[in-house]
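Chemist:
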Amino acid sequence: MSKTKITVNNNGSLRIEGDFEIVDKDGNLYGLGGRTLVSVCRCGLSKNKPFCDGSHKGHFEHDAQAFDLPEKKA
Numbered sequence: 003m004s005k006t007k008i009t010v011n012n013n014g015s016l017r018i019e020g021d022f023e024i025v026d027k028d029g030n031l032y033g034l035g036g037r038t039l040v041s042v043c044r045c046g047l048s049k050n051k052p053f054c055d056g057s058h059k060g061h062f063e064h065d066a067q068a069f070d071l072p073e074k075k076a
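Structure representation (structure tokens):
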């Protein structure tokens, strides 16, 4: 199995690439049509949720900068 990579884009979507599956709240698979790269909406404006349709352009601001989470509590 190849590694999955998720990229948090500035002012936009989450780009998911690699070997992955996406399921709904009931565990049903979304049909990805053989894609190994999709973008998932995080602004809430897409008409194609959970997938990004570009509706965020000019309406969503987030400077994606990586940081470390605190240690997990036992």
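In terms of this note's numbering, the sequence shown opens at residue 3 and continues consecutively.
Glycine included, each C-beta is placed from N, C-alpha and C at the ideal position.
Remember, it's a predicted structure, so these values are computed and weren't measured experimentally.
(1) Quick check: the region 54-63 against the region 9-26, are at least 3 beta-carbon pairs closer than 8 angstroms?
(2) Excluding the 5 residues preceding and the 5 following residue 48 in the sequence, name in chain order all residues of the same chain whose CB lies nearer than 7 angstroms to its CB.
(3) Nearest-angstrom Cα distance between residue 51 and residue 41?
(4) Can you tell me whether residue 18 is helix, strand or coil according to DSSP?
(5) Under the three-state reduction of DSSP, which class applies to residue 127: helix, strand or coil?
Modeler: Working from what's here:
(1) yes
(2) Excluding its 5 nearest sequence neighbours in each direction, residue 48 has C-beta neighbours in its own chain below 7 angstroms: 54, 55, 57, listed in chain order.
(3) 10 angstroms
(4) strand
(5) This structure does not reach residue 127, given that the chain is present from 3 up to 76, and the question cannot be answered.
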